[in-house]
Amino acid sequence: MRRLTSVFGGAAEPPKGGNPDSNTLISDTTTVICLDDYHSLDRTGRKEKGVTALDPRANDFDLMYEQVKALKDGTAVDKPIYNHVSGLLDPPEVIKPPKILVIEGLHPMYDERVRDLLDFSIYLDISNEVKFAWKIQRDMAERGHSLESIKASIEARKPDFDAYIDPQKQFADAVIEVLPTQLIPDDNEGKVLRVRLIMKEGVKFFNPVYLFDEGSTISWIPCGRKLTCSYPGIKFSYGPDTYYGQEVSVLEMDGQFDRLDELIYVESHLSNLSTKFYGEVTQQMLKHADFPGSNKGRGFSRRSYQVAEVDPSPDSADFTTDLFFRCDLFGTTTRNFDPRIRVHRDFSEKMPFLDMG
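Converting from the sequence shown to our numbering requires adding 16 to each position, the first position being numbered 1.
Below is the structure:
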C-alpha cells in the first residue's frame, strides 16, 4: 500500500497520534483504508461461529457503505479498526475525506450499494496453480511449513473464496489474470507467468490499451534483433473477446524480459497509453526494477495500465474508482483527472483464501 500512495505523490504514514496498529495510510493526496476494518467479528468471534473473514456474515456492509459514501460526499467518519496483531476490534479513528481515497480488502464489490458508488474497478485474478506455487515457495522454503499443512490451509478457505470473493470479478471494468506460462510444458514453479489484461469496452472513463491495431486479433513474438530473449522467450497477444457476457479487449504477455531497457521496442507498438512522453512505460519499469515480477507480465501489465488512458469528463466531480486487487502492486495514474475528482480504489496485497486473518 505504501508503494501505491507513491503513485499519487507523498510518503504514506499512519494517522499521526493514532493507533500504532492502524491499517490506514495517509499521504499528502491519498488515504488508504483497509476494508478489514469493517469486520463485525474479531478473530475469536469468527472461530466461535465457525466462519472466516471471507464470509459476509463476518463483515458490516451497512457501515462500510455509509462511511464510503460519506467520504465520497466530503464528510469525515469515525472508522473502526481491525487489529491484525491482536485479532481484536479496536476503538475507531477519525478519517477526513482526502483528494484520493484508496479502499483495499476482500469485499468492495460484494454489496450492491458499495458497488454502485464506484465508477471504475479492477480485479487481480490469480489462478489456483500460481497461488499454490507461490504459497509453497513462501511457506515451505521460507517458513518451514509442511506440504500437508499448506494444502489444508488452502482448502479450508477455498469454499468461501469461490462463494464470496471470486464472483466479484464479473463486476470489474478490468481484470488482470495471472496464469501459468504456456511457454514451458508442465511448469510447476510459477516463476514464469502468463498475464492477461481484460478490459471492458464502453467504460465511461477508460480507453483500453491495444497492440498494433485496435480491434484486430494479434499474436506477436518480438524476440530477435530488437529484443533479447532467453528461454522460454516472450509472446504477446491482443484481440477482442467476451467476459461474463460482456465485450472486452484482451492484452496478454507470456514470458519475461531479459533487459528492461529493451521494453521501449514493445512500448512503441502500444496505443492508448496516456504517457507524458515516449518511453515513460519503459522508464517506470526500470525505476521499479526491484519490485516483484517487474520483468514479467505482472510488472508490464501494471505499468501499462498505470499510464493507460483514463479520461473523465470535466463535470465528473464525484468520479469514484475501485481497484480490486489480489496479491500484486498496481497503480493507475491520476495525471488526466480533474483535481476536484475523488477517486476511490480498492487494493490488496493478500491472496484472500490464503490470508490468515
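Glycine included, every Cβ here is placed at the ideal spot set by N, Cα and C.
Along the length of the segment 209-244, whole beta strand (DSSP E) runs at least 3 residues long occupy 209-216, 234-236, reported in chain order. Secondary structure of M125 (DSSP, three-state): coil. The residues L227, F228, S253, Y254, G255, in chain order, have a CB closer than 7 Å to that of I234 in the same chain once the five nearest residues on each side in sequence are set aside.
Residue environment analysis places K147 among the buried positions, since at least 16 neighbouring C-beta atoms fall within 10 angstroms of its C-beta.
With three or more CB-CB distances shorter than 8 Å, the segment 270-278 counts as touching the segment 236-251. Of all alpha-carbon atoms in I111, S232, W236, the one lying nearest the alpha-carbon of A92 is that of I111. For Y281, the uninterrupted alpha helix (DSSP H) segment begins and ends at 279-283.
For Y126, the CB contacts under 7 Å within the same chain, skipping 5 residues up- and downstream, are P72, Y180, Q184 in chain order. Restricting attention to beta strand (DSSP E) runs no shorter than 3 residues, the segment 83-108 encloses them at 93-98, ordered along the chain. Residue K115 holds the alpha-carbon nearest to the alpha-carbon of T46 among V84, E109, G66, K115. Around the beta carbon of N144, fewer than 16 other beta carbons sit within 10 angstroms, so the residue counts as exposed.
When beta bridges are read from the DSSP output, P114 appears opposite no residue.
Comparing alpha-carbon positions, the option among I49, G90, Q300, E128 lying closest to F77 turns out to be E128. Pairwise C-beta distances place the segment 212-228 in contact with the segment 264-271, as three or more of them are shorter than 8 Å. In this structure, P108 places its C-beta atom within 9 Å of the C-beta atom of D94. Within the model, the alpha-carbon separation for V282 versus P238 is close to 8 Å. Between the alpha carbons of S38 and N99 lies a gap of roughly 7 Å. About 6 Å separates the beta carbons of L199 and D270, which is inside the 8 Å limit, making them a contact pair. Taking a contact as a CB-CB distance under 8 Å, the pair V191 and Y247 does not count as one, their CB atoms being some 29 Å apart.
For H285, same chain residues with a beta-carbon under 7 Å away, outside a window of 5 residues either side, are L227, F228 in chain order.
Of the other Cβ atoms in all chains shown, 16 or more fall within 10 Å of the Cβ of S43; this residue is therefore buried. Here T258 is exposed: its Cβ has fewer than 16 other Cβ atoms, across all protein chains shown, within 10 Å. The bridge partners DSSP lists for I170 come to none. Note: F252 is bridge-paired with W236, M269 in the DSSP secondary-structure output.
Membership of L195 in the beta strand (DSSP E) is indicated by the continuous run 190-196. Beta-bridge partners assigned by DSSP to L41: V48. Residue nearest to P96 within the set K88, L105, D89 is L105 (criterion: CA-CA distance). Here the C-alpha atom of A149 lies approximately 11 Å from the C-alpha atom of L195. I152 is bridged by DSSP to nothing; it lacks a bridge partner.
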